[in-house]
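Here the structure comes first, spelled out in structure tokens, and everything after it is commentary.
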Amino acid sequence: YSYSPAAGDGGGTEFSTAYEGRITGVRVYEYPYYGYYYNYLNGLQLQYNGNWTALVGMNGYGNEKEMTLFDNEYFVQVSGKYYSGYVSELMFVTNEGRSFKVGQPTGLSFNFYPTHDGSELRFLSGRQNGFALTSIGAHWAVFNNNSTAS
1 YSYSPAAGDG GGTEFSTAYE GRITGVRVYE YPYYGYYYNY LNGLQLQYNG
51 NWTALVGMNG YGNEKEMTLF DNEYFVQVSG KYYSGYVSEL MFVTNEGRSF
101 KVGQPTGLSF NFYPTHDGSE LRFLSGRQNG FALTSIGAHW AVFNNNSTAS
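Next up, the structure:
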């Protein structure tokens, strides 16, 4: 097990997407801040074995973007940027080399990856303030198909 400490300013309420099973998809809501060169990511959900977690943040203002993973595909890297108090970009990379990017590349960069071979993204945590994500961290572990514990 390893943890990539949260990046971002971190205002608001804590969240965790921890759930049973393997991550099979990701959905992000992006708020385009018209007239400016940056966006906010104001909502996030992970899918585990076909079941979506509760929405973190909100989806009222955002454009929904989604990626579904193939069988035996999993996330091995999460990177992005944060700017002016909010997460402005996220990119997820899989063991198959596919990537999913949402947001705008504005602000300070972060790059999360597991420290142990064979580990994959198990869940995300951080903070949100009811409008957008203010920080995000990643939790990694080897997925054991025979149990819910990793």
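Going by the UniProt record's numbering, the sequence shown opens with residue 1, and the numbers climb by one from there.
The beta-carbon is built from N, C-alpha and C at its ideal position, and this holds for glycine as well.
Bear in mind the structure is a predicted one, so any value in this text is a computation, not a measurement.
Going by C-alpha positions, residue 84 is about 16 Å away from residue 130.
Relative to the Cα of residue 82, the nearest Cα in the group 102, 122, 61 and 75 belongs to 102.
Here residue 122 carries a strand assignment [DSSP, helix/strand/coil]. By a beta-carbon distance limit of 8 Å, residue 65 contacts residue 30. Their separation comes to about 6 Å. Annotation: residue 50 to residue 63 spans about 21 Å, alpha carbon to alpha carbon.
In the displayed model, residue 103 falls within a strand according to three-state DSSP.
Burial state of residue 142 is exposed, judged by a 10 Å Cβ sphere holding fewer than 16 other Cβ atoms. The C-beta of residue 42 has 16 or more other C-beta atoms within 10 Å across all chains shown, which makes the residue buried. In the DSSP annotation of this structure, the continuous segment of the beta strand (DSSP E) that includes residue 76 starts and ends at 75-83. Taking the Cβ atoms as the reference, residue 124 lies roughly 11 Å from residue 28, outside the contact range of under 8 Å.
For the pair residue 69 and residue 115, the CB atoms are not nearer than the 9 Å cut-off. Per the DSSP secondary-structure output, residue 57 pairs in a beta bridge with 43. Residue nearest to residue 136 within the set 109, 144 and 96 is 109 (criterion: CA-CA distance).
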